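Below is one structure, written out as structure tokens, with a few remarks after it.
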Amino acid sequence: MAWYLCEISCLTNSSLAMKNYLIAGMTALVILTSCEKIDRDAVFVINGKTEFTADDISLYDTSAHILYLKRNHSELDNIERGTFAFYDKGEPVFSGEFWPGYLSSTPDGPVIMTFPLALQNHALKIESWFDDQNSTLNNSRLTNLLERHNLLHSGLAVSAVSASVAGSEMAFSFTLTNMDDTDLLILDPEKTGPGLFRFFTNGLYLYDPDNNDEVFADYIHHSAPEPWNSWEIEWLTRLGAGESKNFTFVYTPGIAIQPGEYRASFGYPGLSYQVAHDELFQDGARVWLGGIKINQLITIL
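Each residue of the sequence shown is one higher than the last, beginning at 11 in the numbering used here.
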């Protein structure tokens, strides 16, 4: 009887082991099959199935975090929720979510805002919900991948941010430099005028760095273009490769701004949904889309 029970036990253990091997084998097969679904030539993938190779992509601008495609893709208009990822030879190196603006919850990673898209369906803007996470959008694995495929473009860089007070006026200044090897066409407040420029940006805010209280808010009233989704080449200034331009905005605050340290927040805008694919390049220069957020400490003397 003992021998019989032992034989049954051994058979049962053997069956369980075989079952575990089968489960492990099936799991491995599922993983391998899933990996095989992503083509090794795919660089950008939506929802694990819509693939774009390097030949489908025009460029990636690291200053505005925008992926430009070589043609319009109407299927992008229908995306509300989902995932996206950049792949290097079948291995994901950067990923995020498509995030509709109507959601009340807050994303905790990179997103492409949808419903509607921020840009027309030839370009996708990657964003972070929190300013202190923006640096993570240009991680080295992603930029190395794009650079190998000659898709990496640097766009604009901000420097020399400052503010000063003279009498009842406050001046806020910064410098933009074209870090790209392509000439860029950028919105110029001297050409748009303050009201129209203010339509594209929330303007300047100053905060007390200790308690984050708002000290100053841009009061300029905006004026919308007509029609609202139009743009004019006359609003733009050509910034050659390596060239810089200083911008100064003068305000008359309702209260006196005291000398001291402040956190300045200012969004320098580019055009966005207005620009069609065939309008992106004008006489060899690229219309710079997107925007740059200035968010740093400054000292007002």
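For each residue, glycine too, the CB sits at the ideal point set by N, CA and C. Please read all numbers here as calculations on a predicted model, not as lab measurements.
Task: One or two residues paired with Val-168 in a DSSP bridge - done: Leu-186
TODO: Could you tell me how far apart the beta carbons of Pro-279 and Leu-197 are, in whole angstroms, since I believe they sit closer than 8 Å?
DONE: 6 Å
TODO: Inspect the beta-carbon positions of His-75 and Leu-147 and report whether they are closer than 7 Å.
DONE: yes
- [ ] Could you tell me the boundaries of the alpha helix (DSSP H) in which Glu-200 lies?
- [x] 199–202
TODO: Tell whether a beta-carbon distance below 7 Å holds between Ser-327 and Thr-185.
DONE: Any answer about residue 327 is impossible in this case: the structure gives the chain only from 11 up to 311.
Task: Rounded C-alpha distance that separates Phe-207 from Ser-233 - done: 8 Å
Task: Arg-158, DSSP secondary structure in three states - done: helix
Task: Residue range of the beta strand (DSSP E) that includes Trp-109 - done: 101–110
Open item on the list: For the structure I just gave you, are there three or more beta carbon pairs, one from the segment 302–311 and one from the segment 262–279, closer than 8 Å?
Closed with: yes
- [ ] List the endpoints of the continuous beta strand (DSSP E) containing Arg-50.
- [x] Per DSSP, Arg-50 lies in no beta strand (DSSP E) segment and is marked neither H nor E.
Task: Alpha-carbon to alpha-carbon, Phe-140 and Trp-109 - done: 14 Å
Task: According to DSSP, residues forming a beta bridge with Arg-91 - done: Its beta-bridge partners do not exist; DSSP assigns none.
- [ ] Work out the CA separation of Gly-111 and Phe-125 for me, nearest whole Å.
- [x] Taking the straight line from one Cα to the other gives about 6 Å.
TODO: Find out if the Cβ-Cβ distance for the pair Ala-227, Tyr-215 is shorter than 7 Å.
DONE: Taking 7 Å as the cut-off, the beta carbon of Ala-227 is found closer than this to the beta carbon of Tyr-215.
- [ ] Could you spell out the range, first to last residue, of the beta strand (DSSP E) harbouring Glu-61?
- [x] First-last of the beta strand (DSSP E) with Glu-61: 60–63.
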